[in-house]
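See below for the structure under consideration.
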Amino acid sequence: MKLIYRPLLQVNLRHGFYQSGLSTEDFNVIPSEATARLFAQTGVIFRPTHSGFSIFVEVTQDSIEPTSPPSLPETLREFSIDALRMHFYLVEKNTYLSNITDLPNYRPGKQLFYFNNLRDDQVDGRLHLGDSFINQRIGEPLSRPLGNTVTYAFSPAVSSATMELEDAFGNAIFEQSFDHSELGNVAEEYRLDLSSINNLAAGRYLLRHQGGPGQALSFFYDPNALSGSILAVIELFDSTVNLTTDNSEQVPLAYRFLIDNRIQQIDGYTVQFEPRKTTWRYLVNKKYDTSPYTLNNLDPIADFSKSVDGNLATFTSNQERDLSELPASITLFHSGTELTKLPSPHLTTHLQKGLAEGSFISDMYVYV
């Protein structure tokens, strides 16, 4: 019998730094081990694309429409699972990606960013993925336990505590209490061996100190996670009815790729990265002592401040500027005469930390 496959969904990776808007050389996209195993069991096909990936599924013969694309939803071949839940890792292959990407501070290897399809964020026909649990397109990074142990730090230290582990939907997974008050001891941290919890699946979890002053620790756990430069994980759901405490459907209608086992013709999902903003600084030196140009006579540049100190003229942008693959048009003049076209920061331009927290400076050296 001939097998018929249809597209189930597509994810596009976009980056505002690039002129095309697409992130084509920044990542390898790798399904988690559990997702790859699920695909092998169910015949789902994963295919990388030039700017993301696509998922194809087998459909039943009697549901195939003669039109292309089908005029009616096609029926997915039956799966013996309650919910289709998939994880995909974005593994960095562009070593300069952090130079150009606007991200909250994070610790590579110990934290990752999280995206899912539970947040309705439609812009210009694109279905943006994001962190629905904090309602942001790119949220704060999640902890990524090294091995199977997750550590919660108490502040201040405590002599007794009740610790609760919940999944992302608020389902109670595990609870444990301790009391050292009779011994006069205090604990500065609590460590939980996640491998001791039976059938703990990959996913987002919260470890909280019941009644404690500290925030819950959000983390992403996968017992078979890849090592290396994982920047983010994408978690996709066909439905949350069997996952939520109140059996609610949290996948927005426009984002649902399956309804009653029938494929929905949805627009592709988008993971959007924005370019980093930096202060641009041109450091202008004389190439030779005999250079005919006087640094004091270099003309001002619009939207830049100029200062001269000995043999160095510095032009500093008054506002932070987006980094872009497309060079800016900035010209340096000397006494009204065009001297040179000034460069723009590029992928490999080194970043200096600015005075303000989280600010950066792009230095470019110019010789006249």
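For the record, in the sequence shown the residue sitting at position 61 is 79 according to my numbering, with numbers rising by one throughout.
From the three backbone atoms N, C-alpha and C, an ideal C-beta is built for every residue, glycine too.
Rounded C-beta distance between residue i and residue j? I'm assuming under 8 Å.
i    : j    : result
S195 : T180 : 4 Å
F187 : T262 : 5 Å
T297 : E267 : 46 Å between Cβ atoms; not a contact.
V168 : F255 : So it is not a contact: roughly 23 Å between Cβ atoms.
Please work out which residues of its chain come closer than 7 Å, Cβ to Cβ, to residue i, disregarding the five sequence neighbours upstream and downstream, and give them in chain order.
i    : result
L21  : E76
G246 : V109
N123 : G376
P66  : V47
S41  : L31, R32, H33, S69, F291
K359 : T349
L365 : Y114, N117, I118
Please state whether DSSP places residue i in a helix, a strand or coil.
i    : result
R55  : helix
T334 : strand
E267 : coil
Y23  : strand
N46  : strand
T60  : helix
E200 : helix
I252 : strand
I191 : strand
A272 : helix
I73  : strand
I379 : strand
I348 : coil
S116 : helix
N303 : strand
L357 : strand
S214 : helix
N166 : coil
L244 : coil
L160 : strand
S153 : As written in the sequence, residue 153 is Asn, which differs from the Ser given in the question. Correct three-state label for N153: coil.
L313 : helix
Cβ atoms of residue j and residue i: under 9 Å apart, would you say?
i    : j    : result
F351 : A250 : no
L235 : N166 : no
Q290 : R144 : yes
T119 : E356 : no
I73  : Q28  : yes
T367 : N117 : yes
A58  : A220 : no
L344 : Q37  : yes
P361 : V384 : yes
F192 : E207 : no
K295 : L369 : no
G232 : Y170 : yes
D185 : R222 : yes
S257 : L276 : yes
H105 : P49  : yes
Just mark residue i as buried or exposed, buried being the case when its beta carbon has 16 or more other beta carbons within 10 Å.
i    : result
E375 : exposed
E253 : buried
I152 : exposed
Y273 : buried
G328 : exposed
G70  : buried
N260 : exposed
T113 : exposed
Y243 : The sequence given here has Ala at residue 243, not Tyr. Per the 10 Å Cβ criterion, buried.
I288 : According to the sequence displayed, residue 288 carries Thr and not Ile. Result: buried.
L164 : exposed
P174 : exposed
D44  : buried
N336 : exposed
L31  : buried
F239 : Phe is not the amino acid found at residue 239; the sequence shown has Tyr there. With 16 or more other Cβ atoms within 10 Å, it is buried.
N135 : buried
V141 : exposed
L373 : exposed
S347 : exposed
S380 : buried
L115 : buried
T281 : Residue 281 is actually Ile in this sequence, not Thr. By the 10 Å Cβ count, I281 comes out buried.
R55  : exposed
For residue i, I'd like the list of residues in its chain whose CB is within less than 6 Å of its CB, leaving aside the five on either flank, ordered along the chain.
i    : result
V331 : Strictly speaking, residue 331 in this sequence is Ala, with Val absent from that position. Counting only Cβ-Cβ distances below 6 Å, and skipping sequence neighbours, we find V302, L313, L316.
D149 : Y132, G157
I248 : Y107, V109, L130
N34  : Before going further, note that residue 34 is Gly rather than Asn in the sequence given. Answer for G34: E292, P293, listed in chain order.
M382 : Y300, P361
For residue i, which residues in the same chain have their Cβ closer than 8 Å to its Cβ, ignoring the five residues on either side in sequence?
i    : result
L198 : Contrary to the premise, residue 198 reads as His rather than Leu in this sequence. Closer than 8 Å at the Cβ level, and outside the excluded window around H198, lie S177, S178, V204, A205.
L154 : According to the sequence shown, residue 154 is Gln rather than Leu. Only G148 meet the Cβ criterion.
Y311 : K304, H352, L357, V386
Does the distance between the C-beta of residue i and the nearest non-hydrogen atom of the ligand GTP fall short of 8 Å?
i    : result
E182 : This structure lacks the ligand GTP, and indeed carries no ligand of any kind.
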